[in-house]
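**Student:** Have a look at this one.
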Amino acid sequence: MPIIRPTVLNCTRSLGFTHICGKNHKTGYFQVYRKTIGKRVAAKLKEIRQKLRERLHEKTKDIGEWLGSVVRGYFGVTRYRATSTD
4 MPIIRPTVLN CTRSLGFTHI CGKNHKTGYF QVYRKTIGKR VAAKLKEIRQ
54 KLRERLHEKT KDIGEWLGSV VRGYFGVTRY RATSTD
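Residue numbers (this note's numbering): 4 to 89.
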């Protein structure tokens, strides 16, 4: 049965994500990908950079643990299951 691609824009922005239509590289099926809007990512990186400057004189281990928790939190919040038409 052929897969009919819905008529959507190639790239739309909503709910803090950029939704991109594409194909699954393994199966070739239509898939909707999501990634965080660039402005939000840039703002968060700027905030992290400032916090790192404040933590400049702390132990490297403590900074690494903090930064690891920030990254895990980011990926925990933005994790999603890609929609596909398998």
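For glycine and all other residues, C-beta sits at the position ideal for the given N, C-alpha and C.
Please confirm if the region 18-28 is in contact with the region 40-53, defined as three or more CB-CB distances below 8 Å between the two stretches.
**Tutor:** A contact exists between the region 18-28 and the region 40-53.
**Student:** In this structure, does DSSP put Thr30 in helix, strand or coil?
**Tutor:** It is coil, neither helix nor strand.
**Student:** I need the straight-line Cα distance from Thr74 to Lys47, nearest angstrom please.
**Tutor:** The question names Thr, yet the displayed sequence has Val at residue 74. The alpha-carbon atoms of Val74 and Lys47 are separated by roughly 11 Å.
**Student:** Could you give the distance in angstroms between the alpha-carbon of Arg58 and the alpha-carbon of Gly76?
**Tutor:** Approximately 19 Å between the Cα atoms of the pair.
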